[in-house]
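Worksheet for the structure shown next.
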Amino acid sequence: MLERTVQIVSNERSTDAYYRLVVRAPEIAPLIQPGQFAHVRIAPLKDALLRRPFSIFQVQGDTFSILYKTVGKGTEALSRMRPGDELSVIAPLGHGFTVPQPGAETPLLVAGGYGMAAMYLLAQRSPQKGIVFVGGRRRVDILCEAEFQSLGWQVRATTEDGSHGEKGLVTQPLLEEIRNPQSAIRHPKLFACGPTPMLKAVGQIAEEYKVPAELSMDEHMCCGVGVCLTCVIPIKSGDDWEYQRTCSEGPVFDAKDVAWEGVK
Amino acid sequence: MNLSVQIGRLVMQNPVTVASGTFGYGVEYAQLLDLNQLGAVTVKGIRLNPVRGNPTPRTAEVTSGMLNAIGLQGPGVDGFIQKYWPFLKSLPVPTIINIWGTTVEEYAEVARRFHALGGVGALELNVSCPNIKEGGAQFGTDCKLLAQVVSACRKATTLPIITKLSPNVVSIAPYAKAAEDAGSDALAVTNSYPAMAIDIETRRPKLANVSGGLTGPCIKPIAIKLVWEAFKAVKIPIIGMGGIQTAADAIEFLMAGATAVAVGTANFYEPQTALQVIAGLREFMQRKGLNEVREITGSFQPGK
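As structure tokens, this is what we get:
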């Protein structure tokens, strides 16, 4: 992890309330592993002091990008920043996804909304190309399909209102694929990033069908480096459980280690 | 220019440490800053046994500050010694270990354990955490109990003892005096302020614990006054803390009577803060022609 002042290369609205931010960070970019995040201080916030964590989307040369949705004053202030403006970034942070070995598992990615962004590097660096299952409420919540398709991945989208792809939840086509005896996928492994109920459903599917799964867990974060103990989730430990930090031991956990009965 | 200060027998190369609970066990920040430039590393509160901590959400951002109710999650004395002590012991800067218990006896036992460990810089008695049912602030808001905790620890160790006082009292002076009389070598002023926030969309508290402790720049003026009041009440040194973001903030604490200061919440959003405070303090001393940092302590002039 490094703390650096980085310059904004571009910060453009893609659809609806979603933006794509690219920053030049020559020392940080080469260190980034799939599933890691950047902790960003948005200076214009003034009296809102804390950094905001964002999953890293793409790495290109000496830049990296994030996809974000304007949901509060932090992301709104960020959306008003312009190329040339500076941000303080601590990155890369967290324990990310395990990239499969050549000839080993084939990833089935399960993404809810902008959880898709956190999985791009995994898709890019995985030697086996798999399927991305992406779900959202409406058409505008389905992001970066084209980026995954251009990596040679199959994308299967679902929306709750049926405005794009299949109508329903993202777990439906995933279940069809896993149950399909004719499936071309050998040694599937699930990787998921999205809202907690979706992660829990993916964890249950993994358990029921005895498929390995890694989940990028979402918990409110503060320091991002493991000192404040804000972002903890319950993780099995022997017969009991303990709180572990999504910023340090996570955000990616093995699905079978999560003590779901304690997850909100 | 001499920035070194003394807290009991503990010598700090400069008067800047970090507040317990905002710096983990030091090792977490080792990649981001040179820990050896600090006056001391102060670690998160430790009791005898491991502590699971409170449910989430544990923190919430508020205007110019934050709320927390972590619940003193920690590895216990043995877990700390095994997992974190080898690293801390290898640092040239001293470690201040923040300790707590649910009984007077537990405080004393933890003090004994760290005394026996050897190499510890000082013990900070946490008698002021607002987020746990037993222990913590229960001892810091009752002068008799406070004196019992301090004197039991005093008997258990010859290590310098720093008593971290609660802000949640009508007047801090009797508590400061009680700690001094019971054998405390120094005071830490102050801990977080009991506070809460509500999510108006859901009508739910922003913390699972409902209420928590308020920290950050918003508490600084209150903490400055407490340091000043404690300074007038005792002769032992005070470590001032509460919302320090800049060298100017730290100098204010020193002028109000602090011998040293601790950077707390600012570590969460700007890990370089403590080092920036040290650099800025040096600059201030140069500009004012001061040779000794301790000349600043209590130099505030309340009269006309």
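Taken in order, these protein sequences are the chains called L and Y. Residues 4 to 267 (the working numbering) make up the first sequence, in order. Residues 131 to 434 (the working numbering) make up the second sequence, in order. All C-beta atoms, glycine included, are put in the ideal place defined by N, C-alpha and C.
Could you confirm whether any beta carbon from chain Y is found closer than 9 Å to the beta carbon of residue i?
| i | result |
| --- | --- |
| glycine 118 of chain L | no |
| arginine 140 of chain L | no |
| glycine 197 of chain L | no |
| aspartate 50 of chain L | yes |
| leucine 90 of chain L | no |
| threonine 233 of chain L | yes |
| glycine 87 of chain L | no |
| valine 230 of chain L | yes |
| isoleucine 93 of chain L | yes |
| leucine 218 of chain L | no |
| glycine 5 of chain L | In the sequence under discussion, the amino acid at residue 5 of chain L is leucine, which differs from the glycine named in the question. So, interface residue. |
| isoleucine 31 of chain L | no |
| isoleucine 236 of chain L | yes |
| glutamate 79 of chain L | no |
| histidine 223 of chain L | yes |
Can you say whether residue i is buried or exposed, counting buried as having 16 or more other CB atoms within 10 angstroms of its CB?
| i | result |
| --- | --- |
| glycine 227 of chain L | buried |
| serine 153 of chain L | exposed |
| threonine 233 of chain L | buried |
| threonine 403 of chain Y | buried |
| glutamate 425 of chain Y | exposed |
| isoleucine 292 of chain Y | buried |
| threonine 427 of chain Y | buried |
| glycine 241 of chain L | exposed |
| lysine 336 of chain Y | buried |
| isoleucine 330 of chain Y | exposed |
| threonine 8 of chain L | exposed |
| glycine 249 of chain Y | exposed |
| arginine 2 of chain L | Since the displayed chain L opens at 4 and closes at 267, residue 2 of chain L lies outside it and no answer follows. |
| serine 258 of chain Y | buried |
| isoleucine 328 of chain Y | exposed |
| methionine 131 of chain Y | exposed |
How is the beta strand (DSSP E) around residue i delimited, first residue to last?
| i | result |
| --- | --- |
| tyrosine 22 of chain L | 21-27 |
| tryptophan 244 of chain L | 243-248 |
| isoleucine 69 of chain L | 66-72 |
| threonine 293 of chain Y | 291-294 |
| histidine 98 of chain L | First-last for histidine 98 of chain L: undefined, no H or E at that position. |
| threonine 225 of chain Y | 225-229 |
| isoleucine 11 of chain L | 5-16 |
| tyrosine 323 of chain Y | 323-326 |
| leucine 52 of chain L | It is not in any beta strand (DSSP E) - leucine 52 of chain L carries neither H nor E in the DSSP assignment. |
| glutamate 254 of chain Y | 252-256 |
| proline 176 of chain L | Where proline 176 of chain L is concerned, there is no enclosing beta strand (DSSP E), although the alpha helix (DSSP H) it sits in stretches over 174-182. |
| leucine 146 of chain L | Here leucine 146 of chain L belongs to no beta strand (DSSP E), and DSSP marks it neither H nor E. |
| asparagine 198 of chain Y | 195-198 |
Which residues bound the alpha helix (DSSP H) around residue i?
| i | result |
| --- | --- |
| tyrosine 305 of chain Y | 303-311 |
| cysteine 231 of chain L | Premise fails: cysteine 231 of chain L is in no alpha helix (DSSP H) and is neither H nor E. |
| isoleucine 211 of chain Y | 206-213 |
| valine 407 of chain Y | 403-418 |
| glycine 270 of chain Y | 267-270 |
| methionine 385 of chain Y | 377-386 |
| threonine 186 of chain Y | Neither: threonine 186 of chain Y is in no alpha helix (DSSP H) and is coded neither H nor E. |
| isoleucine 137 of chain Y | No alpha helix (DSSP H) holds isoleucine 137 of chain Y; the beta strand (DSSP E) holding it covers 135-137. |
| methionine 201 of chain L | 199-211 |
| cysteine 348 of chain Y | Neither: cysteine 348 of chain Y is in no alpha helix (DSSP H) and is coded neither H nor E. |
| lysine 76 of chain L | 76-82 |
| leucine 276 of chain Y | 273-286 |
Could you check whether the Cβ of residue i sits closer than 9 Å to any Cβ belonging to chain L?
| i | result |
| --- | --- |
| tyrosine 159 of chain Y | yes |
| phenylalanine 153 of chain Y | yes |
| proline 335 of chain Y | no |
| methionine 196 of chain Y | yes |
| lysine 355 of chain Y | no |
| glutamine 143 of chain Y | no |
| proline 216 of chain Y | no |
| arginine 284 of chain Y | no |
| isoleucine 200 of chain Y | yes |
| proline 260 of chain Y | no |
| proline 187 of chain Y | yes |
Please compile the residues from chain B whose C-beta is within a distance smaller than 7 Å of the C-beta of residue i.
| i | result |
| --- | --- |
| arginine 54 of chain L | The chain inventory of the structure shown lacks chain B, comprising the protein chains L and Y. |
Is any heavy atom in the ligand HEM found nearer than 8 Å to the beta carbon of residue i?
| i | result |
| --- | --- |
| leucine 34 of chain L | Of the ligands one can find in the structure shown there are none, so the ligand HEM has no counterpart to examine. |
Interface positions of the stretch 242-267 of chain L facing chain Y (Cβ-Cβ less than 7 Å), listed along the chain = Glu245, Tyr246, Lys267
Can you give me, in chain order, the residues of the stretch 385-406 of chain Y that have a beta carbon less than 9 Å from any beta carbon in chain L?
-> Thr395, Ala396, Asn397, Phe398, Tyr399, Glu400, Pro401, Gln402
Of all the residues that make up the stretch 341-353 of chain Y, which are near chain L by a beta-carbon distance shorter than 8 Å?
-> Hits within the stretch, in order: Gly346, Pro347.
Stretch-stretch touch, CB-based, cutoff 8 Å, three pairs: the stretch 69-87 of chain L with the stretch 106-113 of chain L | no
Touch test, the stretch 172-183 of chain Y against the stretch 373-381 of chain Y, Cβ-Cβ under 8 Å, three pairs minimum | no
Taking 8 Å as the threshold, find out whether the stretch 123-136 of chain L comes into contact with the stretch 152-169 of chain L through three or more Cβ pairs.
-> The stretch 123-136 of chain L makes contact with the stretch 152-169 of chain L: 3 or more CB pairs, one atom from each, lie closer than 8 Å.
Touching or not, the stretch 404-414 of chain Y and the stretch 333-350 of chain Y, by the rule of three or more beta carbon pairs under 8 Å?
-> no
Does the count of Cβ pairs from the stretch 163-182 of chain L and the stretch 198-210 of chain L closer than 8 Å reach three?
-> yes
Could you say if the stretch 139-147 of chain Y and the stretch 219-228 of chain Y meet the contact criterion of at least three C-beta pairs nearer than 8 Å?
-> yes
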